[in-house]
Amino acid sequence: MYGKGKILFGLAVFLGLVTFPFYSNLGKVGAVPEPSLNTPVINAMRDKECVESEEFMEAEHMQLLDDWRNMLVREGKKKYVNSKGKEFDISLQNTCLNCHSNKEQFCDRCHNYLAVKPYCWDCHFGPKETNWTKETDV
Amino acid sequence: MSMDRREFLKIAGLSTILGGVGGATILGGLRGEDVEASDSSHAHGNRPASTLAMVVDVRKFRNESEYQRCIDACHKVHNVPTIENPKHEVKWLWREDFEHSFPGQGHEFMEEGVEHKDFMLLCNHCEKPACVRVCPTQATFKRKSDGIVMMDYHRCIGCRFCMAACPYGARSFNWQDPRGFISNPNPEFPTRMKGVVEKCNFCAERLRKGLKPACVEACRDNKAMVFGDLEDRNSEVREILRTHYTIQRKPQAGTNPRVFYVIGG
Chain V
19 MYGKGKILFG
29 LAVFLGLVTF
39 PFYSNLGKVG
49 AVPEPSLNTP
59 VINAMRDKEC
69 VESEEFMEAE
79 HMQLLDDWRN
89 MLVREGKKKY
99 VNSKGKEFDI
109 SLQNTCLNCH
119 SNKEQFCDRC
129 HNYLAVKPYC
139 WDCHFGPKET
149 NWTKETDV
Chain D
14 MSMDRREFLK
24 IAGLSTILGG
34 VGGATILGGL
44 RGEDVEASDS
54 SHAHGNRPAS
64 TLAMVVDVRK
74 FRNESEYQRC
84 IDACHKVHNV
94 PTIENPKHEV
104 KWLWREDFEH
114 SFPGQGHEFM
124 EEGVEHKDFM
134 LLCNHCEKPA
144 CVRVCPTQAT
154 FKRKSDGIVM
164 MDYHRCIGCR
174 FCMAACPYGA
184 RSFNWQDPRG
194 FISNPNPEFP
204 TRMKGVVEKC
214 NFCAERLRKG
224 LKPACVEACR
234 DNKAMVFGDL
244 EDRNSEVREI
254 LRTHYTIQRK
264 PQAGTNPRVF
274 YVIGG
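Sequence lines, in order, name chains V and D.
Using our numbering, the first residue of the first sequence is number 19, and each one after it goes up by one.
Using our numbering, the first residue of the second sequence is number 14, and each one after it goes up by one.
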């Protein structure tokens with residue numbers, strides 16, 4: 019092969035660069051964030067149960083929130099009855115975030131990890147998140 | 014194929030009859046279709062279970078602060094931004110003089126007290142809302158249970174057709190993120206985001222809790238604004254409508270507003 023040394027060197031450099039993202043991240047991946055349940059309201063609960071089961075909430079919470087917004091805004095329903103027959107007020111701000119008052123450790127952790135950017139917070143307030151105002155006059 | 018004159022006239026005559034019948038059917042269908050916003054008749058067949066309405070007694074607003082406390086109560090509880098620039102301003106409840114509130118209903122010799130008075134204006138929650146007809150995403154819709162014209166901000170794409178359609182200027186567009194313009198927000202009610210249209214919701218969120226609208230609550234001592242169900246014969250609003258002469262804004266628009274005004278007398 020003509021110019022064998024140069025070609026092999028070039029190939030090695032090329033492969034090194036191309037595979038750089040893989041070996042540089044080796045061992046770092048896999049740290050799936052665990053949403054924190056450490057809030058005063060949840061800690062004070064005897065049965066630590068969400069609106070539905072944990073598996074359902076993990077997989078379907080976005081669907082549930084979508085259903086809730088249609089039920090409340092469009093159908094005018096105030097209450098959600100879960101699979102066990104228990105009633106909840108339909109409200110992201112006042113029901114969900116009442117228990118999950120740690121939005122950063124609960125919502126944002128997973129959403130950031132998965133690089134999803136739900137636009138809930140453009141309008142709805144996160145817990146104690148009202149300090150964006152210009153002046154507070156209480 | 015050759016065709017003599019007799020044959021030609023037969024076919025021509027037949028197709029005129031058939032075409033005429035078809036055409037008449039189409040025209041009849043068009044005429045028969047109920048065009049909601051164009052019908053200003055007050056004859057009603059099926060009444061809904063409840064129709065929420067408001068009566069504004071203009072005589073009872075005597076000074077600046079009586080207007081302002083209602084406006085402030087509304088804008089505060091709904092996180093309505095205070096924007097100075099009139100091109101970007103957002104309003105749910107506001108005031109306007111007679112000429113702009115009731116165009117065409119005044120005249121040059123009318124009573125000065127009324128002519129120069131300010132009127133409390135808000136979304137009329139019309140029986141036949143023009144905004145609902147034009148909304149391409151059904152983001153704004155008329156709730157069947159109580160007749161409130163609601164906004165689903167999740168669905169609004171900010172096309173502003175509803176603003177063009179509304180004869181009352183009751184809708185405002187968020188040209189910018191409203192959050193920078195709200196001092197001391199109410200944490201229990203969301204704000205809006207840049208690019209959606211907003212308006213009065215008859216305090217749907219307060220009614221849900223059994224409360225009266227915030228503006229009605231704010232002027233409860235002189236009952237300048239009264240809220241209730243039009244379908245209930247004994248409701249306060251029906252009582253006032255029965256005993257006082259009231260007017261609506263732009264009745265000629267055919268939308269049948271649900272906000273009534275006691276002007277004088």
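For each residue, glycine too, the CB sits at the ideal point set by N, CA and C.
Name the chain D residues that come within less than 7 angstroms of residue i, Cβ to Cβ?
i         : result
Val36(V)  : What Val36(V) touches in chain D: nothing, since even the nearest Cβ is about 42 angstroms away.
Asp140(V) : Met206
Phe213(V) : The question about residue 213(V) has no answer here: the residues shown for chain V are numbered 19 through 156.
Gln81(V)  : None at all; the shortest Cβ gap to chain D is about 14 angstroms.
Asn112(V) : Glu201
Between residue i and residue j, which are expected to be in contact by the criterion C-beta below 8 angstroms, what is the C-beta distance as a whole number of angstroms?
i         : j         : result
Met238(D) : Cys83(D)  : 7 angstroms
Ala227(D) : Val90(D)  : 5 angstroms
Glu211(D) : Asn187(D) : 7 angstroms
Cys117(V) : Val59(V)  : 5 angstroms
Lys95(V)  : Asp107(V) : With a Cβ gap of about 10 angstroms, Lys95(V) and Asp107(V) do not count as contacting.
Tyr131(V) : Pro51(V)  : 5 angstroms
Cys172(D) : Pro149(D) : 6 angstroms
Phe115(D) : Ile260(D) : 7 angstroms
Lys104(D) : Ser185(D) : 6 angstroms
Arg168(D) : Ala183(D) : With a Cβ gap of about 19 angstroms, Arg168(D) and Ala183(D) do not count as contacting.
Val71(D)  : Val229(D) : Wrong, their Cβ atoms sit about 15 angstroms apart, outside the cutoff.
Val147(D) : Phe174(D) : 4 angstroms
Thr204(D) : Asn92(D)  : 5 angstroms
Glu128(D) : Gly119(D) : 7 angstroms
Please go through the same chain and pick out, in chain order, the residues whose beta-carbon is closer than 7 angstroms to the beta-carbon of residue i, but skip the five residues on each side of it.
i         : result
Arg108(D) : Tyr80, Asp131, Phe132, Met133 and Leu134
Ser101(V) : Glu70
Pro117(D) : Per the sequence shown, the amino acid found at residue 117(D) is Gly instead of Pro. There are no such residues.
Gly28(V)  : none
Cys138(V) : Leu110
Leu254(D) : Val68 and Phe273
Gln189(D) : His101 and Lys207
Val209(D) : Tyr166, Cys169, Gly171 and Asn187
Quick one: residues in its chain with C-beta nearer than 6 angstroms to the C-beta of residue i, no 5 flanking neighbours on either side, listed in chain order?
i         : result
Glu102(D) : Ile96
Val162(D) : His138, Pro142 and Lys155
Asp159(D) : Ser63 and Leu65
Ser119(V) : Thr57 and Pro145
Val272(D) : Met67 and Asn137
Met16(D)  : none
Glu105(V) : Lys97 and Val99
Glu140(D) : Asn269
Met75(V)  : Cys68
Which residues of chain V have a Cβ atom closer than 7 angstroms to the Cβ of residue i, listed in chain order?
i         : result
Arg156(D) : Gly94
Met163(D) : Val91
Tell me whether residue i is buried or exposed, calling it buried when 16 or more other Cβ atoms sit within 10 Å of its Cβ.
i         : result
Asn214(D) : buried
Arg19(D)  : exposed
Arg262(D) : buried
Ile170(D) : exposed
Gly12(D)  : As shown, chain D starts at 14 and ends at 278. That puts residue 12(D) outside it, with no answer to give.
Leu65(D)  : buried
Ile195(D) : buried
Ala56(D)  : With a pLDDT of only 49 at Ala56(D), under the threshold of 50, the placement of this residue in the model should not be trusted; the figure read from the coordinates follows. So Ala56(D) counts as exposed.
Arg246(D) : exposed
Glu112(D) : exposed
Tyr258(D) : exposed
Lys157(D) : exposed
Arg60(D)  : exposed
Phe124(V) : buried
Ala231(D) : buried
Lys135(V) : exposed
Tyr41(V)  : exposed
Arg233(D) : exposed
Taking Cβ-Cβ distances shorter than 9 angstroms, what residues in chain V pair up with residue i?
i         : result
Tyr282(D) : A question about residue 282(D) goes unanswered here, because the residues of chain D that appear run from 14 up to 278.
Arg221(D) : Leu90, Gly94 and Lys96
Skipping 5 residues on each side, what residues in its chain have a beta carbon closer than 8 angstroms to that of residue i?
i        : result
Ala30(V) : none
Ala86(D) : Ala227, Cys228, Glu230 and Ala231
Met80(V) : Pro136
Phe32(V) : none
### Task
With 7 angstroms as the C-beta to C-beta threshold (strictly closer), list the residues of the segment 182-206 of chain D near chain V in chain order.
Arg192, Gly193, Ile195, Ser196, Asn197, Pro198, Pro200, Glu201, Pro203, Thr204, Arg205 and Met206
#### Entry: Residues of the segment 59-87 of chain V whose Cβ lies closer than 7 angstroms to any Cβ of chain D, in chain order
Arg87
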